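Student: Pasting a structure here, questions to come.
Protein chains: 2
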Amino acid sequence: MKTSTRDRILGAGADIIHHKGFNHTGIQEILNAAGVPKGSFYNFFKTKEDFGLQVIDYFSDHFARMAKDILEDRSVPPLERIKRILRNFMDYFRSTNFTRGCPVGNLAQEMGDLSPAFRDKLKGALDRITTGYAGVLTEAQKAGEISNQIDVKETANFIVSSWHGALIRMKVVQNLEPLENHFKFIFDYVLKP
Amino acid sequence: MKTSTRDRILGAGADIIHHKGFNHTGIQEILNAAGVPKGSFYNFFKTKEDFGLQVIDYFSDHFARMAKDILEDRSVPPLERIKRILRNFMDYFRSTNFTRGCPVGNLAQEMGDLSPAFRDKLKGALDRITTGYAGVLTEAQKAGEISNQIDVKETANFIVSSWHGALIRMKVVQNLEPLENHFKFIFDYVLKP
């Protein structure tokens, strides 16, 4: 299937924004990377902000597809699925030399204060991520893997937020220690029977 | 005491960078806010990056002074001091309408990948913060408030990282819920006797 021009612009832009952030990325830079002429951009995106909002959907859909395969694999016990997705991310960040972090977390940090439209879109993307984890935690409760006393929504929020914080530290120390530390505290202290 | 021109530039720049990030902040904007002529900037700072590194020191020193008063107040039990500093921050973020977040965490997210000089400076600032918490956790162990089995350095790293992640979420949901959720998980699950 031929990639559409819109998808090429989105893919190239998402890649640069994941690395450099939204404000620090120029439209021309995106078009150069996508190999399309400047006029094309405004055929598909009203403004740079509109483009940014569509990049968030792009990231969110990408995460959802990846997460679905792992988190909804009912042949694997629920907690093991959460361990697998976190280990999957660790493999990814090993491959990036501990750079980039979570694109949704990055944009929430960078743009949450600056644009109401980004804020709403990012809120939706973060809710979608935490809802995925909460579903698996509910299964873990039914399977007796974790206490029925914990609030799965609050716990899912804590897992995702603390992960985003660990990714911030990872960028600075340039190793997986913050992610391994997150994994340890989540599974040794929070997700217990 | 008259504020020096250098300090006025630093203070004004720190304030704007805390809000908008480093790359999105221009030197002219900082000088306008500080009310000093352009030539002044390069009397004190070699480059914009050099300025950014001095802003990190400014934030780090600001945090250290604030933290010292609370975390080293031996008239208060150790865990209560950690609760107090987190509640202090919550009051601050209530006053900012849940914006801004931690300037050191923000810059680690934004600049960790992009500048080795920022990365090293931010690593030092984050180590300084976590060392402060680790010291209080050691006191909490001696006082029997928390288990002697926990590794105070790892725990301090987890508290600080998960806090930074909660601040990211705060910017998007625009309320204190992520910070209150962090507080709950840290004190109900991690910092126990």
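Chains as they are written, first to last, in the numbering used here: chain A, 1 to 193; chain B, 1 to 193. Backbone N, C-alpha and C fix where the C-beta goes; we use that ideal spot for every residue, glycine too. For clarity, every value in this text was computed on a predicted model and none was experimentally measured.
Are the C-beta atoms of residue 110(A) and some chain B residue less than 8 Å apart?
Tutor: It does: the Cβ of residue 110(A) has a partner Cβ on chain B nearer than 8 Å.
Student: Excluding the 5 residues flanking residue 162(A) on each side, which residues of the same chain have their C-beta closer than 8 Å to its C-beta?
Tutor: Only 182, 185 and 186 meet the Cβ criterion.
Student: Verify whether the separation of the beta carbon atoms of residue 9(A) and residue 44(A) is less than 8 Å.
Tutor: Contact: yes.
Student: Name, please, each residue of chain A whose Cβ falls closer than 8 Å to the Cβ of residue 189(B).
Tutor: Ordered by position in chain A, the residues that pass the 8 Å Cβ test against residue 189(B) are 189 and 190.
Student: In whole angstroms, what separates the C-alpha of residue 126(A) from that of residue 61(A)?
Tutor: Residue 126(A) and residue 61(A): Cα-Cα distance of roughly 12 Å.
Student: Please list, in chain order, the chain A residues whose beta carbon lies closer than 8 Å to that of residue 123(B).
Tutor: Chain A residues near residue 123(B): 172 and 173.
Student: What does a CB cutoff of less than 7 Å around residue 115(A) pick up in its chain, not counting 5 residues either side in sequence?
Tutor: Cβ neighbours of residue 115(A) beyond the five flanking positions: 49.
Student: Would you give the residue range spanned by the alpha helix (DSSP H) that residue 7(A) belongs to?
Tutor: Looking at the DSSP string, the run of the alpha helix (DSSP H) that includes residue 7(A) is 5–20.
Student: Helix, strand or coil for residue 70(A)? Go by DSSP, reduced to three states.
Tutor: Residue 70(A) falls in the helix class under three-state DSSP.
Student: Looking only at its own chain, which residues have a Cβ that is under 7 Å from the Cβ of residue 73(B), when we skip the five neighbours before and after it?
Tutor: Cβ within range, chain order: 81.
Student: In terms of residues, what are the limits of the alpha helix (DSSP H) holding residue 93(B)?
Tutor: Note, residue 93(B): alpha helix (DSSP H), 78–95.
Student: Take residue 83(B) as the anchor and find which of 71(B), 93(B) and 92(B) has the nearest alpha-carbon.
Tutor: Closest by alpha carbon: 71(B).
Student: Thinking C-alpha only, which one of 29(B), 55(B) and 118(B) is nearest residue 174(A)?
Tutor: Cα-wise, what sits closest to residue 174(A) is 118(B).
Student: Measure the alpha-carbon distance for residue 106(A) versus residue 113(B) and round it to whole angstroms.
Tutor: Going by the C-alpha atoms only, they are around 12 Å apart.
Student: Counting pairs of beta carbons, one from the region 153–173 of chain A and one from the region 95–111 of chain A, are three or more of them closer than 8 Å?
Tutor: Yes: the two stretches touch, three or more of their Cβ pairs being nearer than 8 Å.
Student: Roughly how many angstroms lie between the CA atoms of residue 5(B) and residue 24(A), to the nearest whole one?
Tutor: If you take the alpha carbons of residue 5(B) and residue 24(A), they lie about 29 Å apart.
Student: Measuring from the CB of residue 111(B), is there a heavy atom of the ligand SAM at a distance below 7 Å?
Tutor: For the structure depicted, the ligand SAM is absent and the ligand set is empty, with no information on it obtainable.
Student: Shortest alpha-carbon distance to residue 179(B) belongs to which of 129(B), 93(B) and 151(B)?
Tutor: Checking every option, the nearest Cα to that of residue 179(B) belongs to 93(B).
Student: Going by other Cβ atoms of all chains shown within 10 Å of its Cβ, with 16 needed for buried, is residue 65(A) buried or exposed?
Tutor: Result: exposed.
Student: Among residues of its own chain, excluding the 5 on either side of residue 55(A), which ones have a beta-carbon nearer than 7 Å to its beta-carbon?
Tutor: Excluding positions up to five away in sequence, the list reads 10, 13, 14 and 17.
Student: Flag residue 93(A) as yes if its beta-carbon sits less than 8 Å from any beta-carbon of chain B, otherwise no.
Tutor: Chain B contact via Cβ: absent.
Student: Once the 5 residues before and after residue 139(A) are set aside, which same chain residues still bring their CB inside 6 Å of it?
Tutor: Result list for residue 139(A): 78, in chain order.
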